[in-house]
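Undergrad: Taking the numbering used here, I'd label the letters of the sequence shown as residues 1 to 118.
Provided herewith is a single structure, encoded as C-alpha coordinates, for subsequent inquiry.
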Amino acid sequence: TAYEMFLENVDKLEHYFKDMQDVEFTVEKGKLWMLQCRNGKRTGVAALKIAIDLVNEGICTKSEALLKVEPTHVEQLLHPTFSPDALKSDAYTKGVVAKGLPGSPGAAVGRLVFTPKR
(Lines of atoms letter the chains of each structure in order from A and count residues from 1; the text may use other names and numbers.)
(Lines give C-alpha, C1' and ligand atoms only; values in the text may rest on other atoms or scores of the structure.)
Protein backbone atom coordinates (compact mmCIF):
# COMPACT_ATOMS: atom_id res chain seq x y z
CA THR A 1 0.00 0.00 0.00
CA ALA A 2 0.99 3.65 -0.34
CA TYR A 3 1.10 3.94 3.45
CA GLU A 4 3.53 1.03 3.79
CA MET A 5 5.71 2.47 1.02
CA PHE A 6 5.65 5.85 2.78
CA LEU A 7 6.84 4.32 6.07
CA GLU A 8 9.59 2.41 4.27
CA ASN A 9 10.77 5.52 2.40
CA VAL A 10 10.78 7.71 5.51
CA ASP A 11 12.78 5.08 7.38
CA LYS A 12 15.34 4.98 4.55
CA LEU A 13 15.56 8.79 4.48
CA GLU A 14 16.08 9.04 8.25
CA HIS A 15 18.84 6.43 8.11
CA TYR A 16 20.49 8.11 5.11
CA PHE A 17 20.40 11.66 6.52
CA LYS A 18 20.73 10.50 10.15
CA ASP A 19 18.06 12.99 11.20
CA MET A 20 14.31 13.41 11.49
CA GLN A 21 12.87 14.33 8.10
CA ASP A 22 10.17 16.79 7.06
CA VAL A 23 8.65 15.03 4.04
CA GLU A 24 6.34 16.30 1.32
CA PHE A 25 4.46 13.65 -0.61
CA THR A 26 1.26 12.94 -2.47
CA VAL A 27 -0.71 9.83 -3.33
CA GLU A 28 -2.28 9.74 -6.78
CA LYS A 29 -4.41 6.81 -7.92
CA GLY A 30 -2.95 4.74 -5.09
CA LYS A 31 0.65 5.50 -6.07
CA LEU A 32 2.98 7.28 -3.65
CA TRP A 33 5.03 10.18 -4.96
CA MET A 34 7.81 11.49 -2.73
CA LEU A 35 8.18 15.17 -3.59
CA GLN A 36 10.76 16.60 -1.22
CA CYS A 37 12.48 16.07 2.10
CA ARG A 38 14.67 18.09 4.44
CA ASN A 39 15.86 17.88 8.01
CA GLY A 40 12.88 18.81 10.15
CA LYS A 41 12.78 21.96 12.26
CA ARG A 42 12.25 21.43 15.96
CA THR A 43 11.89 23.08 19.34
CA GLY A 44 14.37 22.52 22.16
CA VAL A 45 12.28 19.80 23.80
CA ALA A 46 11.72 18.09 20.43
CA ALA A 47 15.46 18.28 19.59
CA LEU A 48 16.28 16.40 22.78
CA LYS A 49 13.57 13.76 22.19
CA ILE A 50 14.60 13.28 18.55
CA ALA A 51 18.29 12.94 19.48
CA ILE A 52 17.45 10.25 22.05
CA ASP A 53 15.20 8.42 19.56
CA LEU A 54 17.88 8.49 16.84
CA VAL A 55 20.35 6.82 19.22
CA ASN A 56 17.79 4.29 20.52
CA GLU A 57 16.83 3.36 16.94
CA GLY A 58 20.50 2.85 15.99
CA ILE A 59 20.40 5.63 13.39
CA CYS A 60 23.32 7.57 14.85
CA THR A 61 25.79 7.52 17.72
CA LYS A 62 25.42 9.50 20.94
CA SER A 63 28.09 11.93 19.73
CA GLU A 64 26.30 12.48 16.41
CA ALA A 65 22.96 12.95 18.17
CA LEU A 66 24.42 15.46 20.61
CA LEU A 67 25.60 17.61 17.70
CA LYS A 68 22.00 17.86 16.50
CA VAL A 69 20.97 19.69 19.70
CA GLU A 70 21.88 23.29 18.94
CA PRO A 71 22.71 26.00 21.51
CA THR A 72 19.36 27.68 20.82
CA HIS A 73 17.62 24.42 21.70
CA VAL A 74 19.43 24.29 25.05
CA GLU A 75 18.54 27.94 25.66
CA GLN A 76 14.85 27.14 25.04
CA LEU A 77 15.00 24.40 27.66
CA LEU A 78 15.99 26.99 30.26
CA HIS A 79 12.76 29.00 29.83
CA PRO A 80 10.07 28.36 32.46
CA THR A 81 7.08 26.34 31.28
CA PHE A 82 3.79 25.20 32.75
CA SER A 83 3.42 21.52 33.56
CA PRO A 84 0.52 19.70 31.83
CA ASP A 85 -1.07 19.06 35.25
CA ALA A 86 -0.94 22.77 36.13
CA LEU A 87 -2.70 23.65 32.87
CA LYS A 88 -5.60 21.36 33.85
CA SER A 89 -5.94 22.71 37.40
CA ASP A 90 -8.93 24.78 38.52
CA ALA A 91 -6.61 27.63 39.50
CA TYR A 92 -5.43 27.88 35.91
CA THR A 93 -8.64 27.19 34.00
CA LYS A 94 -10.79 29.55 36.10
CA GLY A 95 -8.24 32.37 36.02
CA VAL A 96 -7.55 32.40 32.28
CA VAL A 97 -8.66 35.64 30.64
CA ALA A 98 -7.14 35.02 27.20
CA LYS A 99 -5.34 32.40 25.14
CA GLY A 100 -3.03 32.81 22.18
CA LEU A 101 -0.06 31.54 20.27
CA PRO A 102 3.35 32.21 21.86
CA GLY A 103 5.83 34.51 20.18
CA SER A 104 8.73 32.76 21.91
CA PRO A 105 9.28 29.67 24.05
CA GLY A 106 8.58 29.70 27.77
CA ALA A 107 5.80 30.74 30.09
CA ALA A 108 5.02 33.78 32.19
CA VAL A 109 2.57 34.88 34.84
CA GLY A 110 1.81 38.28 36.28
CA ARG A 111 -0.60 41.16 36.59
CA LEU A 112 -2.40 42.61 33.62
CA VAL A 113 -1.19 46.07 32.65
CA PHE A 114 -3.27 48.24 30.35
CA THR A 115 -1.18 51.43 30.23
CA PRO A 116 2.56 52.14 30.15
CA LYS A 117 2.22 54.17 33.37
CA ARG A 118 1.35 51.10 35.45
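Yeah, the Cβ is synthetic: ideal placement off N, Cα and C, and Gly gets one too.
Within the same chain, show all residues whose beta-carbon is closer than 7 Å to that of F82, passing over the 5 residues directly before and after it, in chain order.
TA: Taking the first residue of the sequence shown as 1, we reach residue 82 at position 82. A107.
Undergrad: Roughly how many angstroms separate the alpha carbons of A46 and G30, rounded to a whole number?
TA: Position 46 of the sequence shown, counting from 1, holds the residue named residue 46. Position 30 of the sequence shown, counting from 1, holds the residue named residue 30. Their Cα atoms are separated by approximately 32 Å.
Undergrad: Thinking C-alpha only, which one of G103, D85, V109 is nearest V96?
TA: Sequence index remark: in the sequence shown, residue 96 carries index 96 (1-based). Among G103, D85, V109, the Cα nearest to that of V96 is on V109.
Undergrad: Start and end of the beta strand (DSSP E) containing T26?
TA: What you label residue 26 is simply residue 26 of the sequence shown in a count that begins at 1. Run containing T26: 21-28, per the beta strand (DSSP E) assignment.
Undergrad: If you draw a straight line from the alpha carbon of V69 to that of L48, how long is it in whole angstroms?
TA: Looking up residue 69 in the sequence shown gives position 69. Looking up residue 48 in the sequence shown gives position 48. Taking the straight line joining both Cα atoms gives about 6 Å.
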